């Protein structure tokens, strides 16, 4: 099995850690338990030079130490919709760069270039050059395809049938995406969109797949359903997202879709604008019952689980980091601890963290959904009685319903 994260950014993108360089990414990916990672930002000339000089080009693909890399970039089209492109080699990167250069004012300065092309034109150039392409974080309201379009066809035109995958993003899971028949032929991906290499960012969402090769060719066969398959998507609970419920952008009061429409998308508490949530957007687009191949495990990064368990405000506190280091030194990579390691074995190092991991694996947590730009809240209950108490006390929030 191969665990991989194909969507990250380099230090050449806005708002990204200066630590996002290949040696650090590789080291942290190994500690995380990722076998393969996307380079991100490969159209940026400075980053491309760093990547080309740092990675080793082997018969089985690009690698740094024991971590495999594939050449990737996220681009923004003229409608502000984001697309993920995967390249077979540096020659192809250069060819696509030359095709895009005349349509971008920031391709030499920004890791995620803005292009004065639509989705169909971008996909056509990508496919003509033998690349793989699909929409990034498809349900994100501001830069995902369904924030602007009602179908893949509206965005990609005649190139729609040539798409290779659909990235779920932090706002959606496989069940939500599979309610839309447009997605029936696409492989679902969970990627981190990481802006720093640290374990609560890199690989916070990832994929587990049977791959014949840990490189571009293996991904090509996977997406074309020739060989291999995704067996597991691991990601955050979509309810944790900032735009899961329809909610006020100012005070974050939540509303059902029916309520928001009745109130003409104006908040009854502060008169602010109600932003349509991903849950309700999926409800509008749904045309079938959900059916999907790979299981979706809703689990946060290990450092976040430790944070909740010890009651700290951040996953980067000294106590959380010391506990993370202790667990990964004693038990191995984070991915193994989250998914594969027996709970009794984890309990030998920390029984409280082991209990929390069990609850996430079994789905025994309560999520108070986010909305209107405010993240959702995870509650790790003590027992079944506590779960019911929380659900009763905060029922309107959990159901994204306004009660005056």
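In the working numbering, the protein residues as written are 64 to 467. Built from N, CA and C at the ideal position, the CB exists for glycine as well. What you are looking at is a predicted structure, and each value in this text was computed from that prediction instead of being measured.
Do you know how far the Cα of residue 198 is from the Cα of residue 147? Position 84 of the chain shown holds residue 147. Position 135 of the chain shown holds residue 198. Distance between the alpha carbons of residue 147 and residue 198: 6 Å.
According to DSSP, residues forming a beta bridge with residue 145: The count along the chain shown starts at 1 and reaches residue 145 at position 82. Residue 145 is bridged to 139.
Just to check my reading of the structure: residue 100 and residue 67 have Cβ atoms closer than 8 Å, yes? What is that Cβ distance to the nearest angstrom? Numbered from 1 along the chain shown, position 37 holds the residue referred to as residue 100. Numbered from 1 along the chain shown, position 4 holds the residue referred to as residue 67. Right, their Cβ atoms sit about 7 Å apart.
As a quick exercise: from 281, 295 and 296, pick the residue whose alpha carbon is nearest that of residue 289. Position 226 of the chain shown, counting from 1, holds the residue named residue 289. The candidate whose alpha carbon is nearest that of residue 289 is 281.
Going along the chain, which residues of its own chain have a beta-carbon closer than 6 Å to the beta-carbon of residue 208, five neighbours each way excluded? Locating residue 208 in the chain shown gives position 145, where the first residue counts as 1. These residues qualify, in order along the chain: 144, 198, 201 and 218.
Are the CB atoms of residue 123 and residue 273 within a distance shorter than 8 Å? Within the chain shown, residue 273 is the residue found at index 210, counting from 1. Within the chain shown, residue 123 is the residue found at index 60, counting from 1. Result no, Cβ atoms of residue 273 and residue 123 do not sit closer than 8 Å.
Who are the Cβ neighbours of residue 352 in its own chain at under 8 Å, not counting the five residues just before and after it? Translated into positions along the chain shown, residue 352 becomes position 289. Taken in chain order, the residues that qualify are 242.
Which of helix, strand or coil DSSP assigns to residue 358: On the chain shown, residue 358 is found 295 positions in, with the first residue counted as 1. Note: residue 358 maps to strand in three-state DSSP.
In or out: residue 165 buried (at least 16 other Cβ within 10 Å) or exposed? Sequence index remark: in the chain shown, residue 165 carries index 102 (1-based). With fewer than 16 other Cβ atoms within 10 Å, it is exposed.
Comparing C-alpha positions only, which one of 153, 252 and 220 sits nearest to residue 192? Here the question's residue 192 lines up with position 129 in the chain shown. Considering only alpha carbons, the answer is 153.
From residue 397 to residue 328, what distance separates their C-alpha atoms? As a first step, residue 397 is located in the chain shown; it is residue number 334 there, counting from the start. As a first step, residue 328 is located in the chain shown; it is residue number 265 there, counting from the start. Using only the alpha carbons, I get a separation of about 42 Å.
The region 290–304 / the region 354–363 touching (three or more Cβ pairs under 8 Å): Judged by Cβ distances under 8 Å, the region 290–304 makes contact with the region 354–363, as three or more pairs qualify.
Within 10 angstroms of its Cβ, does residue 374 collect 16 or more other Cβ (buried), or is it exposed? Position 311 of the chain shown, counted from the start, is the residue given in the question as residue 374. Exposed.
Roughly how many whole angstroms lie between the Cα atoms of residue 310 and residue 330? For the purposes of this step, residue 310 is identified with residue 247 of the chain shown, where counting begins at 1. For the purposes of this step, residue 330 is identified with residue 267 of the chain shown, where counting begins at 1. Annotation: residue 310 to residue 330 spans about 8 Å, alpha carbon to alpha carbon.
From the DSSP output, in three-state form, read off residue 155 for me. As a working mapping, residue 155 is identified with position 92 in the chain shown. In the structure shown, residue 155 sits in a helix (DSSP, three-state: H, G or I).
What does the Cβ neighbour count give for residue 409, buried or exposed, with the cut at 16 atoms within 10 Å? Indexing the chain shown from 1 puts residue 409 at position 346. So residue 409 counts as buried.
Taking the CB atoms as reference points, tell me whether residue 70 and residue 79 lie closer together than 8 Å. One-based indexing of the chain shown puts residue 70 at position 7. One-based indexing of the chain shown puts residue 79 at position 16. Not closer than 8 Å, so no.
Do you know offhand how far residue 426's Cα is from residue 367's? Your numbering for residue 426 matches position 363 in the chain shown. Your numbering for residue 367 matches position 304 in the chain shown. Taking the straight line from one Cα to the other gives about 16 Å.
CB contact flag (residue 291, residue 234, <8 Å): Along the chain shown, one-based indexing puts residue 291 at 228. Along the chain shown, one-based indexing puts residue 234 at 171. Contact flag unset, no.
Residue 213 (DSSP reduced to helix, strand or coil): Taking the chain shown and counting its residues from 1, the one referred to as residue 213 is at position 150. Note: residue 213 maps to coil in three-state DSSP.
In angstroms, rounded to a whole number, what distance separates the CA positions of residue 285 and residue 133? Along the chain shown, read from residue 1 onward, the residue named residue 285 stands at position 222. Along the chain shown, read from residue 1 onward, the residue named residue 133 stands at position 70. The C-alpha of residue 133 is placed about 14 Å away from the C-alpha of residue 285.
For residue 461, which residues from the same chain have a beta carbon less than 8 Å from its beta carbon, with the 5 sequence-adjacent residues on both sides left out? Counting from one through the chain shown, the residue named residue 461 turns up at place 398. Excluding positions up to five away in sequence, the list reads 429, 430, 431, 432 and 454.
Would DSSP call residue 310 helix, strand or coil? Along the chain shown, read from residue 1 onward, the residue named residue 310 stands at position 247. Reduced to three states, the DSSP call for residue 310 is strand.
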